[in-house]
Every structure is written in structure tokens, then in C-alpha cells.
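In this note's numbering, the protein residues as written are 723 to 1082. Each residue gets a CB set at the ideal place from its N, CA and C atoms; glycine is no exception. For reference, the structure discussed in these notes is given below.
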Amino acid sequence: MDLALHALRQMEGVTRREIDSFRRTAGGWFEGRLMGLELVVLEWQQLAKLPLDGAIAVDIDADYFVKVPHDRIWARPRVIVTALKEVLGESCDLTIARSVGTGFLALRHRFLADQLAALWEGRDEDARHWQRLLELEADPLPEDARIARLSALLGDRPGCAATCHTLALATPDAEERSLLLARAATLDPHYAGDVLRHLGALRVRERELDLATVVRLHRQLAAWDAAPDRVATAWVALGLLYAAARPHRRGDGVRHAVAPARRRPSRSGAADRPAGMAAGRADAAVPWLERAAMDDETRAAAWLHLSVCASRRGALEEAWNWARAATEAAPAWPEPAQWLGSLSAPPGYDWASSARSSVG
């Protein structure tokens, strides 16, 4: 819960009072108020003890079942769906978010959403197929045995893109793997190559990249034919990966000041690793941060780091304005206020006169 509250502090519009409103109840779960809504945070095992009334809608993010960065499935869809049905009945509306396009859920785990839907809707044959695929994920089989089992599973359902994709990942032969990947993409376009998804996956898993890899990704993105909004977002993600690949200056005071903002990644990815930019060339960072400032999910963090960049190039009044905007947007997040305090003077202050005085 502490990690969740730490992340919530960076959200725009969240106040300290709202963060402080969360308390552990006698039942063991947490209750509080956030953005005008009463919220309950609990483990699924506590659902049966929670008093519920009124209409209920259920929304499940499939990435809940997988821990990153190691992509390990830690919870079973069958267990969760059974628990939900026991408490809520079977008449609730269910929506499922795959979270694959953002990179939070690996493409090979996309089928988890299909399994959830099959279990909820009582499609037993489909649910059994997905369960077999899930069991193969965890079974430490020898390579030959795994390929044989997956091939048999694909033979039972030759039109299943997820099974075809999983078989491709298990196949050591590069040519055969390429054919299987192409077949999976033909069966379901969601299994085709997606540069934005790939960049998001690298970011979420905080993979260390060398500059040569970033240049290769640049070439792939330059040739990517996709919707303009997705291409634009991908360029931002690539810029952030480029910034992360640049050497950081050890002991840099500015880097130290903004380091806490890097502990948890933003979901959109538009303002991750800005300290790496601030430790390099501020002018190179600004275009990426300006793009991040257009996204309401990341603009508070972007404003903070635009302030850092402005201060590095000596534009102190601009730095103060950006820091003030970040502080007002995310009042529960302490870093912008701390950074604003370090700048120490409001707009209108005679910076030039102060500079002359400081050198005598």
C-alpha cells in the first residue's frame, strides 16, 4: 500500500489530504477518498468480508496477474474469477483491459484476457484451452517436450494466434520461428510487430540499453507505418530510452534533486527517466518534455523537469514558473515543492542584479 500511495502522490490533482485519508480498517483492507471517489484497496481473499450494495461493475487489468520485470504469472485467472463469482454472482458486467499495447503485459501473456473472458462467460472448452497454455507457461519441460505439447495444442486449434505465437517463442530454428510469428500475425493482427509496444516493454522493465540498440530502434521506428498519434508517442518513448542510454554525471545536484521522481514509471511513458536528460544536454531534453507536457497523465512530471532544464541553462524565472506549475498540479508530490524551494525567488525578481551582487 505504501508503494501505491507513493505513486499516487505524483498524480495531478491528488492532494495531501486525500493521501492521508487512507486508513487500514478492522477488516484489514484500506479505505480512503481519491479524486472525489470513495476507494477500497484490498486483497482478493478479503472480498467476501466487504459489505457491498447497489449495482456492481467489474473491471480487470490482465497485467494484474503478471509481475514485471520478470514477467512471472503469480495469480491464476481461474482462482480470481471463481472468487468474484462467489461474492458478486454472475450477473455483473465485466470489462477486461489487456494492457499489452502499453508494454505492461508481455505479448505472450495476451491470452490471459481471453482466459478471463471464457471463465466469466462459462465457455468451458475455451477456458480449458487457455488453461493448458497457462500450464505450459509454468511447466519446466525440456525444449523438445514443450514444442511437442505446443504443436499438439496448435493442432487442436489451428486458428489460435496465441498458441501459434507461444510455439514460435519456443522454437529454436530462426526460419521456422519467423514463419510461425508471421502466421500468428495473420491469424490476429494484434500479434504483428508493434514498435510502440516494444518500446513500452523495454521502458516498463527498465532494461539497460546501449546506444547501438537505441540507434537500431530508431531505424525501426523511422520505417514504421502506423497511426500518427502512435508514431508520435513512440518517438517520445524512444527519446526517453536514448536519454537513459547517455552517461549520467555522478554527483550532479540537479540529478539528485529529481531522482525520487524516477522510482515508479509513468503509465504513458512520456516523462520517464528525465533525470538522465537533465544530466546531459538540456536543449536535447526540452522537445521530449514539451511533448510529455501535452499529456495530462505526465505533464506535472514534465513541468518539473522542464524547470530543471531551464535552471541548467540559466533561465531562472522560467524555471520558477515551471516548478510552480508542477507544485500546484501535484500538491501531494513533495519533489516539485522541494525543487521550487531551492529556486528560492518568484517571477519579477531581478536575477541579473542578484548575479552581479553575488560576484561583487
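1. Is T824 helix, strand or coil by DSSP?
2. Contact defined as beta carbons within less than 8 angstroms: I believe D910 pairs with A883. What is the distance between those atoms, to the nearest angstrom?
3. Give me the DSSP bridge partner(s) of L816.
4. Within the continuous alpha helix (DSSP H) that includes L889, where are the two ends?
5. According to DSSP, simplified to helix, strand and coil, what is V763?
6. Helix or strand or just coil, what does DSSP make of L930?
7. Put E857 into one of helix, strand or coil per three-state DSSP.
8. Could you have a look at E753 and say whether DSSP puts it in helix, strand or coil?
9. Inspect the beta-carbon positions of P1056 and V736 and report whether they are closer than 9 angstroms.
10. May I have the straight-line CA-CA distance separating E753 from L875, to the nearest angstrom?
11. Taking all protein chains shown into account, do 16 or more other C-beta atoms lie within 10 angstroms of the C-beta of V937, making it buried, or fewer, making it exposed?
12. Look up R700 in the DSSP assignment and say whether it is helix, strand or coil.
13. Using the Cα positions of E930 and V1030, report the straight-line distance between them to the nearest angstrom.
14. Would you report the Cα separation of R986 and G877, rounded to the nearest angstrom?
15. Check this for me: beta carbons of D785 and A729, under 9 angstroms apart or not?
16. Quick check on DSSP: helix, strand or coil for V953?
17. Per DSSP, what are the beta-bridge partners of I795 in this structure?
18. Quick check on DSSP: helix, strand or coil for P911?
19. Does T908 pass the burial test, meaning 16 or more other C-beta atoms within 10 Å, or should it be called exposed?
20. If you pair each beta-carbon of the stretch 795–812 with each one of the stretch 886–900, do three or more pairs fall below 8 angstroms?
21. Just to confirm my understanding: we take L841, look at its own chain, exclude 5 residues before and 5 after, and list those with CB closer than 7 angstroms. What are they?
22. Counting pairs of beta carbons, one from the stretch 756–770 and one from the stretch 811–825, are three or more of them closer than 8 angstroms?
23. Would you list, in sequence order, the uninterrupted alpha helix (DSSP H) runs of no fewer than 4 residues that lie entirely inside the stretch 1016–1061?
24. Using a 10 Å radius around the Cβ and a threshold of 16 neighbouring Cβ atoms, would you call H887 buried or exposed?
25. Could you compute how far the alpha carbon of L858 sits from the alpha carbon of A1041?
26. Relative to the C-alpha of P813, which residue among A948, E843, I782, R1034 is closest?
27. If you draw a straight line from the alpha carbon of M733 to that of E1019, how long is it in whole angstroms?
28. What did DSSP end up calling Q732 once you bin it into helix, strand or coil?
29. Using CA atoms only, rank isn't needed, just tell me which of L918, I869, I741, E897 is closest to S821.
30. Helix, strand or coil: which one does DSSP assign to L863?
31. Go ahead and pull the three-state DSSP assignment for P880.
32. Pick helix, strand or coil for P773, following the three-state DSSP scheme.
33. Would you kindly check if the distance between the Cβ of P773 and the Cβ of R927 is under 9 angstroms?
34. Would you mind stating whether L901 and Y913 have Cβ atoms separated by less than 9 angstroms?
35. Rounded to a whole number of angstroms, what is the C-alpha to C-alpha distance between R739 and A1045?
36. Could you tell me the distance, in whole angstroms, from the CA atom of R971 to the CA atom of G1036?
Let me lay it out:
1. DSSP, reduced to helix, strand and coil, places T824 outside both helices and strands of the structure shown, so it counts as coil.
2. With a Cβ gap of about 4 angstroms, D910 and A883 count as contacting.
3. For L816, the beta-bridge partners assigned by DSSP are V780.
4. Where L889 is concerned, the enclosing alpha helix (DSSP H) starts and stops at 883–892.
5. Collapsing the DSSP output to three states places V763 in a strand.
6. Per the sequence shown, residue 930 should be read as Glu rather than Leu. E930 carries a coil assignment under DSSP once its states are collapsed to helix, strand and coil.
7. Three-state result, E857: helix.
8. Of the three classes helix, strand and coil, the one that applies to E753 here is strand, per DSSP.
9. Cβ distance not < 9 angstroms, so P1056 and V736 don't count as in contact.
10. In this structure, the CA atom of E753 is about 45 angstroms from the CA atom of L875.
11. By the 10 Å Cβ count, V937 comes out exposed.
12. In the structure as shown, the chain starts at 723 and stops at 1082, and residue 700 therefore has no counterpart that could be examined.
13. If I take the Cα positions, the gap works out to 24 angstroms.
14. Here the model assigns R986 a pLDDT of 35, short of 50, so the residue's position is not dependable, and the following value carries that caveat. For R986 and G877, the distance between alpha carbons rounds to 42 angstroms.
15. Their beta carbons are not under 9 angstroms apart, which means D785 does not touch A729 by this criterion.
16. Residue state, collapsed to three classes: helix.
17. Answer by DSSP bridge pairing, in chain order: V788.
18. It is helical.
19. Exposed, because fewer than 16 other Cβ atoms sit within 10 Å of the Cβ of T908.
20. They do not touch, by the three-pair rule.
21. For L841, where only same-chain residues beyond five positions count, the Cβ hits under 7 angstroms are P799, R800, V803, A849.
22. Remark: fewer than three beta-carbon pairs, one from each stretch, lie closer than 8 angstroms, so the stretch 756–770 and the stretch 811–825 are not flagged as touching.
23. As far as the stretch 1016–1061 is concerned, its whole alpha helix (DSSP H) runs of at least 4 residues are 1021–1034, 1038–1051.
24. When all chains shown are included, H887 counts as buried.
25. Across the structure, L858 and A1041 are spaced so that their CA atoms are roughly 54 angstroms apart.
26. Inspection of the sequence shows that residue 813 is occupied by Ser rather than by Pro. Nearest in C-alpha terms to S813, of all of A948, E843, I782, R1034, is E843.
27. Cα atoms of M733 and E1019: separation of roughly 7 angstroms, rounded to the nearest angstrom.
28. Of the three classes helix, strand and coil, the one that applies to Q732 here is coil, per DSSP.
29. Closest by alpha carbon: L918.
30. In the structure shown, the three-state DSSP call for L863 is coil.
31. Note: P880 maps to coil in three-state DSSP.
32. Coil.
33. No, the Cβ-Cβ distance between R927 and P773 is not below 9 angstroms.
34. Going by C-beta atoms, L901 is not nearer than 9 angstroms to Y913.
35. One C-alpha to the other measures close to 21 angstroms.
36. Only weak support is given to the placement of R971: the predicted model assigns it a pLDDT of 39, under 50, and the value that follows is read from those uncertain coordinates. If you draw a straight line from the Cα of R971 to the Cα of G1036, it comes to about 19 angstroms.
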